[in-house]
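One structure below.
Numbering (the numbering used here), first residue to last: 32 to 99.
Written as structure tokens, this is what we have:
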């Protein structure tokens with residue numbers, strides 16, 4: 032079961048100058064892809080980055096692992 036909110040990473044928290052230590056949420060521009068779009072039914076994909084091949088895998092528990 033996945034308990035995180037997928038929108039949490041889309042915001043940066045900035046501390047306000049206000050003495051009450053209020054925090055403001057600033058939206059970040061993050062391109063988001065669904066894992067279904069990336070994997071297209073497979074359990075492993077290759078990602079080439081600066082000449083190195085990385086492998087992104089879906090585990091049996093449904094989590095993602097990135098290996099070099």
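Positions of the beta carbon are idealized from the N, C-alpha and C atoms, including for glycine.
Taking only the alpha-carbon atoms, compute the straight-line gap between residue 91 and residue 83 and give it to the nearest angstrom.
Rounded to whole angstroms, residue 91 to residue 83 spans 26 Å at the Cα level.
DSSP state of residue 87, grouped into three classes?
Strand at residue 87.
Taking residue 88 as the reference, give the member of 60, 81, 63, 74 with the closest Cα.
Cα-wise, what sits closest to residue 88 is 74.
Using 8 Å as the threshold, is the C-beta distance between residue 70 and residue 78 below it?
No, the pair does not count as a contact, with Cβ atoms beyond the cut-off.
What are the start and end residues of the alpha helix (DSSP H) that includes residue 97?
Careful: residue 97 lies outside any alpha helix (DSSP H), inside the beta strand (DSSP E) at 95 to 98.
Relative to the C-alpha of residue 94, which residue among 61, 60, 67 is closest?
Here the closest residue by C-alpha is 67.
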